[in-house]
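Contents: one structure, followed by commentary.
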């Protein structure tokens, strides 16, 4: 039997001190996505056409390739931050939670990396496919 109050028992446990970093990362990436997404949509709408050659020429520009790669990287990271919160909150089994978090990380790195590779391949690769 403990003589400590319920509040006294809880006070020593404290927080993990990593929630604010995650919260800030989610907010910063959300703010970064606003101008990047606006740039992407506006620059595509300003093209004379959306045929393959026009979009390929646009994507071959170094500025378009850089900003598109940045958009993909920030979008993948922002989405990853959101999905790990869902897994941490709603998956109750510890083993399944760890496996899900690992699979999510691998999936996001693979998809984001493949997208950035494709953008760089179009921008700096050979003109013939």
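Numbering (my numbering), first residue to last: 61 to 189. Backbone N, C-alpha and C fix where the C-beta goes; we use that ideal spot for every residue, glycine too.
Inset, instruction - Look up residue 109 in the DSSP assignment and say whether it is helix, strand or coil. - result: What you label residue 109 is simply residue 49 of the chain shown in a count that begins at 1. The answer is coil: DSSP assigns residue 109 none of H, G, I, E or B.
Legend entry - Residue interval of the alpha helix (DSSP H) (run including residue 63): By one-based count along the chain shown, residue 63 stands at place 3. Premise fails: residue 63 is in no alpha helix (DSSP H) and is neither H nor E.
Inset, instruction - Give the straight-line distance between the Cα atoms of residue 85 and residue 92, rounded to the nearest whole angstrom. - result: Locating residue 85 in the chain shown gives position 25, where the first residue counts as 1. Locating residue 92 in the chain shown gives position 32, where the first residue counts as 1. Roughly 10 Å separates the two Cα atoms.
Inset, instruction - Kindly provide the ranges of any alpha helix (DSSP H) runs that are 4 or more residues long and lie completely inside the stretch 81 to 125, ordered along the chain. - result: 112 to 120
Inset, instruction - May I ask whether a heavy atom of the ligand COA can be found less than 7 Å away from the beta carbon of residue 152? - result: Among the ligands in the structure shown, none appear at all, so the ligand COA cannot be discussed.
Legend entry - Supposed close pair residue 120, residue 183 - CB separation, criterion 8 Å: Position 60 of the chain shown, counted from the start, is the residue given in the question as residue 120. Position 123 of the chain shown, counted from the start, is the residue given in the question as residue 183. The pair is a contact, with the Cβ atoms about 5 Å apart (cut-off 8 Å).
Inset, instruction - Name the two residues that bound the continuous alpha helix (DSSP H) containing residue 154. - result: Residue numbering aside, residue 154 sits at position 94 when the chain shown is read from its first letter. 154 to 184 is the extent of the alpha helix (DSSP H) around residue 154.
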